[in-house]
Amino acid sequence: FGSSWVKEVTGSVVARHTEGTRSAAMTVNDTKAAIRTFKACIKEKGASACIGERKAAVEGVSNAVKGECAAQVEDFFSCFAHRYQLLSCGDATVSKMLKCQEQFSGQLLSTK
Numbered sequence: 104f105g106s107s108w109v110k111e112v113t114g115s116v117v118a119r120h121t122e123g124t125r126s127a128a129m130t131v132n133d134t135k136a137a138i139r140t141f142k143a144c145i146k147e148k149g150a151s152a153c154i155g156e157r158k159a160a161v162e163g164v165s166n167a168v169k170g171e172c173a174a175q176v177e178d179f180f181s182c183f184a185h186r187y188q189l190l191s192c193g194d195a196t197v198s199k200m201l202k203c204q205e206q207f208s209g210q211l212l213s214t215k
């Protein structure tokens with residue numbers, strides 16, 4: 104997986120937060136299994152033949168990161184809604200959210 108895939112996943116988290124939609128949540132173990140299935144599919148069939156597996160992996164990672172980083176995302180959107188006028192808002196707010204998303208998605212994507 105490249106960095107563009109991680110950006111797609113983390114961008115998906117922000118998009119889903121703003122949409123307010125919820126789908127059936129996969130467990131972290133389900134997500135790891137979906138990632139392994141996607142990686143195996145790529146090896147066997149090539150990336151273009153693994154659309155369903157990719158969708159399952161992206162959705163699983165997105166939901167897992169959303170749950171794990173919910174507090175940081177809420178802080179970010181509170182700051183955003185108040186146009187960064189709150190005393191607690193600053194670069195650190197955004198950095199904490201991005202760091203959480205990057206680290207957790209990285210842990211999931213390193214699944215073997």
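Basically our numbering = 1-based index in the sequence shown + 103.
Virtual Cβ for every residue (Gly too), placed ideally from N, Cα, C.
Being a predicted model, the structure only gives us computed values, none of them experimental.
Q | Complete runs of the alpha helix (DSSP H) confined to the segment 124-150 [at least 4 residues] | A | 131-148
Q: Out of Gly163, Glu156, Cys172, point me to the one whose CA is closest to Asn132's CA.
A: Mapped onto the sequence shown, residue 132 falls at position 29. Closest by alpha carbon: Gly163.
Q: Specify the secondary structure class of Ser198 as computed by DSSP and reduced to three states.
A: Within the sequence shown, residue 198 is the residue found at index 95, counting from 1. Three-state result, Ser198: helix.
Q) Is it buried or exposed for Leu190, if we count other Cβ within 10 angstroms and need 16 for buried? A) Here residue 190 refers to the residue found at position 87 when the sequence shown is read from its first residue. Its Cβ having fewer than 16 others within 10 Å, Leu190 is exposed.
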